[in-house]
Every structure is written in structure tokens, then in C-alpha cells.
Amino acid sequence: MQTYIAILRGINVGGKILKMVDLRYMIENMEFRNARTYIQSGNVFFQTERERPELLEQMIKEQVQKDFAIDVSVIILTPEKLERIIAANPFKNDINKELKFLHVTFLQTKPGIYNQEAIESKKTGDEEIMFTDEAVYLYCPHGYGNSKLTNSLFEDNLKVVATTRNWRTTCKLLELAKK
2 MQTYIAILRG INVGGKILKM VDLRYMIENM EFRNARTYIQ SGNVFFQTER
52 ERPELLEQMI KEQVQKDFAI DVSVIILTPE KLERIIAANP FKNDINKELK
102 FLHVTFLQTK PGIYNQEAIE SKKTGDEEIM FTDEAVYLYC PHGYGNSKLT
152 NSLFEDNLKV VATTRNWRTT CKLLELAKK
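In C-alpha cells:
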């Protein structure tokens with residue numbers, strides 16, 4: 002049985018209110034096993050024998066729409082994929098970077114051709130950005146909430162579904178997925 006982490010985009014911000022107890026209950030009713038949530042931002046762990054993350058993303062998206070009338074994007078990660086994304090963060094071992102300003106924007110699929118310079122032109126001050134096929138790594142020393150490097154910017158330019166988590170949450174998701 003495979004463990005998966007579903008991360009939902011934009012939950013409990015901007016009017017998309019969904020209690021984690023309700024999300025967990027919904028996942029359990031979908032006949033997934035060992036459903037657990039982490040914090041209020043739409044992170045849920047579960048196990049299933051199904052092996053196609055893109056199918057799981059669609060199933061959860063449709064069920065959230067049906068049960069809660071919320072249109073939400075879903076990205077499914079395996080612990081192995083999350084571990085690979087964490088290991089690839091180019092900023093994590095830089096002693097000049099404070100971990101509290103690191104963020105990971107998870108990409109649902111590999112982006113096609115995009116204009117990296119157009120995205121980088123949105124950086125302000127000493128913000129930094131690094132792109133991979135699975136994630137965009139951000140260093141936002143003035144706070145992510147003050148940055149123009151947003152999910153919407155990435156989705157519009159990369160033409161993929163994206164959702165961002167801070168570094169602490171990202172690492173905690175891996176820790177909990179391995180339990």
C-alpha cells in the first residue's frame with residue numbers, strides 16, 4: 002500500500018474554507034486508509050493501492066467540489082518524490098539564508114517552455130528563485146506575503162498547477178509521511 006500526500010491549493014485563504022477534520026473524513030469516505038491532516042492549509046496523508054497520482058488528484062478535486070462546493074487544485078506527492086524535492090533545494094544549506102524565508106512551490110506537472118526572465122523580473126530586493134521540473138525554490142527574505150513570486154505568477158507563466166508551502170511545513174510533511 003502506497004502512502005500519498007495531497008496538498009490542496011489555496012485552502013483556508015481567500016474564502017476557500019475547509020476544516021481539516023472534514024477533509025480527513027472525506028478522504029476516509031473515499032475508501033483511502035489512514036487519513037491524517039497537517040495544519041489548516043490543506044495537507045492530507047493517506048494510503049491506497051491505486052498507483053496513478055494524476056487520477057488521485059482528479060478524484061480528490063472532484064470530491065471536494067461535490068462535498069464542499071470548493072474548486073481547488075490538488076497535487077499528489079509520494080514520500081519519495083517529496084524527499085527528492087527537499088534534497089534538490091539549492092538554498093537549504095546556504096549559511097547566509099534563514100530557513101524561515103525558504104519556500105517550495107510544488108508543480109503538478111513538468112512545465113513546458115516558459116520565459117524564465119519574465120518570472121525573474123518580478124523578484125524584488127534580494128529575493129532568489131531556482132526552477133526545476135518538479136518545484137520552484139524561493140528565498141523571500143522580506144516574507145512570502147510581500148513577494149510577487151506567487152502561485153498565480155507561476156501558474157500563468159509555467160502553465161501548470163502550483164501550490165506553495167514554507168520550508169518548515171515542507172520538511173514536516175516528509176517527516177509525517179514516513180511515520
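With my numbering applied, the sequence shown covers 2 to 180. We treat Cβ as the ideally placed atom computed from N, Cα and C, and that holds for glycine.
PHE107 versus ALA70 - alpha carbon distance: Walking along the sequence shown from the start, residue 107 turns up at place 106. Walking along the sequence shown from the start, residue 70 turns up at place 69. Cα to Cα, PHE107 sits roughly 24 Å from ALA70.
Local Cβ density within 10 Å of ILE18, reported as buried at 16 or more and exposed below that: As a first step, residue 18 must be located in the sequence shown, where it is residue number 17. Exposed is the call here.
Residues that DSSP places opposite GLN48 in a beta bridge: Within the sequence shown, residue 48 is the residue found at index 47, counting from 1. DSSP, once it has assigned bridges, lists THR4 and ARG34 as partnering GLN48.
Cut-off 8 Å between Cβ atoms - residues of its own chain near GLU135, not counting five sequence neighbours on either side: Numbered from 1 along the sequence shown, position 134 holds the residue referred to as residue 135. Cβ within range, chain order: LYS82, ARG85, ILE86, ALA89, PHE107, LEU108 and LYS111.
DSSP beta-bridge partners of THR164: Mapped onto the sequence shown, residue 164 falls at position 163. Note: THR164 sits in a beta bridge opposite PHE107.
GLU129 (DSSP reduced to helix, strand or coil): Position 128 of the sequence shown holds residue 129. GLU129 falls in the strand class under three-state DSSP.
Inter-residue Cα distance where the pair is ARG169 and HIS104: Along the sequence shown, one-based indexing puts residue 169 at 168. Along the sequence shown, one-based indexing puts residue 104 at 103. Cα-Cα distance, rounded: 9 Å.
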